[in-house]
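Going by the UniProt record's numbering, the first residue of the sequence shown is number 1, and it counts up by one from there. Presented below is the structure to which this report refers.
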Amino acid sequence: EASRIPFPPPRDSLLLEAGFLAVLVAPLHLLKWKSPSWRPHDGVTFWLVRWLLFRLMFSSGVVKLTSRCPTWWGLTALTYHYQSQCIPTPGAWFAHQLPSWLQKLSVVATYVIEVPVPILFFAPIRRLRLFAFYCQVLLQLLIILTGNYNFFNILTITLAFSLLDQEHLGGTAPPSKKKQSSAWPPSFFSFFSTLLELITYGSLIYWTTQYFGLEINWEKKLLDSKVAFTYHEFTTWLGTVTLPLVGLGFLSLSWEILLALYRSLSVHGCFWKLWATLQWGIFTCATLGVFAISLVPFTSIDPQSSRQLWPGLRQLFGSVERLQLVSSYGLFRRMTGAGGRPEVVLEGSHDGHSWTEIEFLYKPGNVSRAPPVVTPHQPRLDWQMWFAALDHHSSSPWFTSFVHRLLQGQEDVVSLLQGGGSQYPFGAHPPRYLRAQLYRYYFAPPGSSGLWWQRQLVGEFYPPVALGDPMLESLLEQMGMKEQAPPRASPRGALPRLLLSLRQLCQPVPAPILLWSLYLLLASILALRALRAPSRPGAGTALGRHKGAPRRGGGGEPGTAGGERNGHRNGHPRRREEEERPEGHGDKLKAARRRK
Numbered sequence: 001e002a003s004r005i006p007f008p009p010p011r012d013s014l015l016l017e018a019g020f021l022a023v024l025v026a027p028l029h030l031l032k033w034k035s036p037s038w039r040p041h042d043g044v045t046f047w048l049v050r051w052l053l054f055r056l057m058f059s060s061g062v063v064k065l066t067s068r069c070p071t072w073w074g075l076t077a078l079t080y081h082y083q084s085q086c087i088p089t090p091g092a093w094f095a096h097q098l099p100s101w102l103q104k105l106s107v108v109a110t111y112v113i114e115v116p117v118p119i120l121f122f123a124p125i126r127r128l129r130l131f132a133f134y135c136q137v138l139l140q141l142l143i144i145l146t147g148n149y150n151f152f153n154i155l156t157i158t159l160a161f162s163l164l165d166q167e168h169l170g171g172t173a174p175p176s177k178k179k180q181s182s183a184w185p186p187s188f189f190s191f192f193s194t195l196l197e198l199i200t201y202g203s204l205i206y207w208t209t210q211y212f213g214l215e216i217n218w219e220k221k222l223l224d225s226k227v228a229f230t231y232h233e234f235t236t237w238l239g240t241v242t243l244p245l246v247g248l249g250f251l252s253l254s255w256e257i258l259l260a261l262y263r264s265l266s267v268h269g270c271f272w273k274l275w276a277t278l279q280w281g282i283f284t285c286a287t288l289g290v291f292a293i294s295l296v297p298f299t300s301i302d303p304q305s306s307r308q309l310w311p312g313l314r315q316l317f318g319s320v321e322r323l324q325l326v327s328s329y330g331l332f333r334r335m336t337g338a339g340g341r342p343e344v345v346l347e348g349s350h351d352g353h354s355w356t357e358i359e360f361l362y363k364p365g366n367v368s369r370a371p372p373v374v375t376p377h378q379p380r381l382d383w384q385m386w387f388a389a390l391d392h393h394s395s396s397p398w399f400t401s402f403v404h405r406l407l408q409g410q411e412d413v414v415s416l417l418q419g420g421g422s423q424y425p426f427g428a429h430p431p432r433y434l435r436a437q438l439y440r441y442y443f444a445p446p447g448s449s450g451l452w453w454q455r456q457l458v459g460e461f462y463p464p465v466a467l468g469d470p471m472l473e474s475l476l477e478q479m480g481m482k483e484q485a486p487p488r489a490s491p492r493g494a495l496p497r498l499l500l501s502l503r504q505l506c507q508p509v510p511a512p513i514l515l516w517s518l519y520l521l522l523a524s525i526l527a528l529r530a531l532r533a534p535s536r537p538g539a540g541t542a543l544g545r546h547k548g549a550p551r552r553g554g555g556g557e558p559g560t561a562g563g564e565r566n567g568h569r570n571g572h573p574r575r576r577e578e579e580e581r582p583e584g585h586g587d588k589l590k591a592a593r594r595r596k
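Pasting the structure below:
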């Protein structure tokens with residue numbers, strides 16, 4: 001059954017791994033409080049972010065085919081996905097109404113973006129990496145519009161920024177590159193790069209057309225598609241490319257290591273050169289270690305390739321596995337809800353005859369309520385209710401404890417349902433009886449007079465129970481949940497009391513609004529800092545001490561620190577002043593000098 005729960009493990013695992021990489025990528029502030037944001041070794045540690053993004057996307061595309069799920073192989077997965085996902089958005093309802101041929105074409109586009117395009121993350125040509133970046137961002141934005149996947153897609157977009165460079169983010173190119181791009185005839189390197197780009201795009205189009213049988217149906221005016229390869233052919237291809245992809249990643253990392261070594265040795269000053277080289281050695285060893293242990297979960301997509309790994313790597317991975325520094329990924333391995341979305345509806349009663357449905361904050365329940373938009377909030381109870389509906393309630397032991405706490409009327413648990421406010425039907429008195437029914441939910445067709453869902457009763461999910469019920473007591477005892485937890489001690493320290501006060505203060509505010517407010521506040525602070533930043537990014541920093549540092553808009557001569565000459569940096573102020581002077585001003589100056 002683990003294969004039926006494709007999303008939660010990668011969700012939290014990705015957050016843990018990205019958080020660990022942030023420790024390596026973030027600059028150290030050892031010597032100065034106002035330390036520069038650039039270090040010669042940054043390219044090495046930042047490469048790990050790109051490697052994480054590659055493993056995430058490539059594995060997610062591969063497992064859809066290795067799982068042998070008939071919906072993925074039949075290109076019909078998105079026909080069921082929009083209504084059967086954990087917490088859909090209103091956009092999912094509109095996407096569900098798209099014609100079937102377009103749904104199948106969307107699955108083909110997903111395969112292309114997740115399997116061949118991530119290989120371009122390591123392309124030496126900048127425009128190919130930009131193409132891969134925008135493909136990933138497009139996919140993640142479409143997922144955000146049609147599904148509430150908390151922070152996952154936003155985090156993936158953040159990882160995708162590792163494919164960009166300062167030139168693309170800043171919007172300006174150095175003068176040397178501008179002259180090179182406008183020169184005619186183009187240089188051999190420029191011609192070869194353009195040719196390689198065209199070959200890459202042409203190959204993507206050709207192989208997509210061949211392997212997915214793309215064909216225009218002129219009679220029906222649509223584009224037909226089908227999988228034109230077998231499972232054996234795909235697994236053979238996967239076994240052929242897995243280890244070469246590891247080699248490609250190692251070559252890309254080796255280039256970053258050598259480039260960082262050159263930058264470290266190019267730093268001015270003996271002490272700074274030694275300090276930069278020492279940092280390069282430490283972070284290079286850390287990067288190589290993370291790359292080595294990541295090969296174990298990555299090659300798990302192909303058992304034959306995994307068996308060819310050096311046994312020492314497995315031992316190294318086993319020694320740090322409990323820390324979850326690296327993980328294997330595989331999003332939506334199998335598509336659930338092909339026969340309708342299974343949904344658990346909780347009901348309460350005071351007499352055991354008249355039952356009232358208990359609404360949750362975000363998951364589907366009332367067929368007239370529109371799907372919510374909760375990104376980037378993570379409503380874990382609503383998510384767990386989706387997983388519980390996939391199997392018998394005994395597979396979700398927490399559900400019995402959840403029912404028990406609701407019967408007791410515990411405020412912390414009740415607050416998870418409609419915030420415990422007036423919308424909770426048992427706010428005055430806890431229900432005496434609780435039960436759960438299993439339904440099949442379907443998106444309502446257009447023109448359903450305000451209905452978003454249609455549902456069909458399947459049967460009983462959890463039998464009616466009350467406090468002291470022998471069945472409830474037996475289940476609690478079997479699952480080890482009968483013992484009462486000791487009362488939580490009140491916080492004594494100043495910091496815990498402050499955090500508790502902030503939690504109580506923010507509790508009435510809906511979680512999505514609170515999170516977006518914090519994000520907007522942070523974005524505003526960063527924008528104000530960017531507006532107040534000095535116009536000379538290299539002045540007075542290690543960037544100015546380093547003659548091999550990446551230039552940020554300055555022309556500079558070779559061997560100078562970001563264009564440093566005559567005490568000026570980045571742009572030659574004297575030349576700019578002479579260019580801005582009015583015509584004839586130079587002649588007057590020359591005449592005045594002759595007279596003097």
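Each residue gets a CB set at the ideal place from its N, CA and C atoms; glycine is no exception.
| Item | Value |
| --- | --- |
| When DSSP labels each residue in this structure, what does ASN217 get in the three-state scheme? | strand |
| Can you tell me whether DSSP reads LEU15 as helix, strand or coil? | helix |
| Beta-carbon separation of GLN324 and SER59 under 8 Å? | no |
| Considering PHE461, what are the terminal residues of the beta strand (DSSP E) in which it resides? | 453-465 |
| With three or more beta-carbon pairs closer than 8 Å as the criterion, would you say the stretch 92-108 touches the stretch 119-137? | no |
| Reducing DSSP to helix, strand and coil, say where SER225 ends up. | coil |
| Per DSSP, what kind of secondary structure is ARG39 in: helix, strand or coil? | coil |
| Which whole runs of the alpha helix (DSSP H) in the UniProt domain "Lipase maturation factor 1/2 N-terminal" (12-169) are 4 residues long or more, in chain order? | 42-66, 70-73, 77-84, 90-96, 100-114, 126-146, 152-160 |
| Just to confirm my understanding: we take HIS41, look at its own chain, exclude 5 residues before and 5 after, and list those with CB closer than 6 Å. What are they? | ALA260, GLN279, TRP280, PHE283 |
| Apart from the five residues on each side of it in sequence, which residues of its chain come closer than 8 Å, Cβ to Cβ, to LEU24? | THR45, LEU48, PHE283, ALA286, THR287, VAL290 |
| For ILE358, write down the residues that DSSP places opposite it in a beta bridge. | LEU346 |
| Just how far apart, CA to CA, sit PRO90 and VAL373? | 8 Å |
| Just to check my reading of the structure: SER306 and SER300 have Cβ atoms closer than 8 Å, yes? What is that Cβ distance to the nearest angstrom? | 5 Å |
| Tell me the DSSP secondary structure of TYR424 in three-state form. | coil |
| Just how far apart, CA to CA, sit ARG11 and PHE152? | 6 Å |
| What residue range is occupied by the uninterrupted beta strand (DSSP E) comprising ALA388? | From DSSP, ALA388 is part of no beta strand (DSSP E) but of the alpha helix (DSSP H) over 380-388. |
| When DSSP labels each residue in this structure, what does TYR329 get in the three-state scheme? | coil |
| Shortest alpha-carbon distance to HIS81 belongs to which of VAL107, LEU526, VAL403? | VAL107 |
| Which whole-angstrom value is the C-beta distance of LEU52 and LEU15, which I expect to be below 8 Å? | Not really, about 12 Å apart at Cβ, beyond 8 Å. |
| For a quick check, are the C-beta atoms of PRO463 and GLY348 less than 8 Å apart? | no |
| Cα-Cα, which of HIS168, ARG322, GLY147 is closest to PHE133? | HIS168 |
| Who are residue 608's beta bridge partners in DSSP? | The structure shown has nothing for residue 608, since the chain only spans 1 to 596. |
| Are the stretch 378-385 and the stretch 358-367 in contact at 8 Å, needing three or more beta carbon pairs? | yes |
| Short of 6 Å in beta carbon distance, which residues of its chain neighbour LEU531, apart from the five on each side in sequence? Order them along the chain. | none |
| Cα separation between ILE125 and GLU197? | 8 Å |
| Drop a sphere of 10 angstroms on the beta-carbon of GLU114, count the other beta-carbons inside from all chains shown, and report buried for 16 or more, exposed for fewer. | buried |
| Can you tell me which of LEU457, LEU214, ARG440, LEU522 puts its alpha carbon nearest to the alpha carbon of GLY339? | ARG440 |
| How many Å lie between LEU142 and VAL117 at the Cα? | 17 Å |
| Please state whether the Cβ-Cβ distance between GLN408 and PRO431 is less than 8 Å. | no |
| Suppose the cutoff is 7 Å on Cβ atoms and the five residues either side in sequence are ignored; what does the same chain contact list for VAL458 look like? | LEU438, TYR439, ARG440 |
| When burial is assigned at 16 or more other CB atoms within 10 Å of the CB, is ASP391 buried or exposed? | exposed |
| Measure the Cβ-Cβ separation of GLY337 and SER84 and say whether it is below 8 Å. | yes |
| For my contact list, LYS226 and PHE212 are in at a C-beta cut-off of 8 Å; report their separation, rounded to the angstrom. | 7 Å |
| Verify whether the separation of the beta carbon atoms of ILE144 and THR375 is less than 8 Å. | yes |
| Given a cut-off of 8 Å, decide if PRO88 and GLY147 are closer than it, judged by their beta-carbon atoms. | yes |
| Please return the same chain residues whose Cβ sits closer than 7 Å to the Cβ of VAL509, not counting the five positions on each side in sequence. | none |
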